[in-house]
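Colleague:
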Amino acid sequence: MEPALAAVPERGKPEKSILVVEDSPTSRKVISMVIAKRGYTVNEAATGAVAIRKARERTPDLILLDATLPDMTGYDILHRFKNDVRLKNVPIVMLTAKNNPVDRQKGLQGGSVAYLTKPFDPEKLLAVIDEHI
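For the sequence shown, the numbering used here begins at 179 and goes up steadily by one.
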């Protein structure tokens, strides 16, 4: 089980949790560090199955979701989350290397609140997270 990363939340700001679903260990670590520095609690998942289990065990305040995972697509996970009564209102941000209009449309029509591509701008990622959390 991967430990959750956490930073001290800003004064008066309630601690929020983000589930980072990313199969690349390097990308997952970088994304998690950027988010944790902002004061969010970060939980990680490297596969769709782990992401689904973790999201159901403890509902996150936001999910960052890669489109390409070893066991299923991010779009499949997005569909499952949006059809799960416990998770359907959790904002999901797609963060992926898939940078074509068809994939972007698929993610946004599937229910993601934003579709960001890699390599990502940390400030833009944090702005999107802050807007939707």
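Positions of the beta carbon are idealized from the N, C-alpha and C atoms, including for glycine. These numbers come from a predicted model, not from an experiment.
(1) Quick check on the DSSP output: what are the complete beta strand (DSSP E) runs of length 3 or more inside the region 238-288, in order along the chain?
(2) Assign LYS276 to buried or exposed, taking buried as 16 or more other Cβ atoms, counted over all protein chains shown, within 10 Å of its Cβ.
(3) Less than 8 angstroms separating the beta-carbons of ARG206 and ILE230?
(4) So, with DSSP's three-state summary, where would you put ILE311?
(5) What is the rounded straight-line gap between the Cα of LYS284 and the Cα of MET272?
(6) For ILE270, collect the residues of the same chain with a Cβ closer than 7 angstroms to its Cβ; drop the 5 residues on either side in sequence, then sort them by chain order.
(7) Is DSSP giving SER202 helix, strand or coil here?
Modeller: Walking through what the data contain:
(1) If we require 3 residues or more, the beta strand (DSSP E) runs fully inside the region 238-288 come out as 240-243, 270-274.
(2) The residue you call residue 276 lines up with position 98 of the sequence shown. Buried, because 16 or more other Cβ atoms sit within 10 Å of the Cβ of LYS276.
(3) One-based indexing of the sequence shown puts residue 206 at position 28. One-based indexing of the sequence shown puts residue 230 at position 52. Not a contact, by the Cβ cut-off of 8 angstroms.
(4) Within the sequence shown, numbered from 1, the residue matching residue 311 stands at position 133. In the structure shown, ILE311 sits in coil (DSSP, three-state: anything other than H, G, I, E or B).
(5) For this step, residue 284 is matched to residue 106 along the sequence shown. For this step, residue 272 is matched to residue 94 along the sequence shown. Here the C-alpha atom of LYS284 lies approximately 10 angstroms from the C-alpha atom of MET272.
(6) Here residue 270 refers to the residue found at position 92 when the sequence shown is read from its first residue. Counting only Cβ-Cβ distances below 7 angstroms, and skipping sequence neighbours, we find ILE241, LEU243, LEU256, PHE259, GLY289, SER290, VAL291.
(7) As a first step, residue 202 is located in the sequence shown; it is residue number 24 there, counting from the start. Of the three classes helix, strand and coil, the one that applies to SER202 here is coil, per DSSP.
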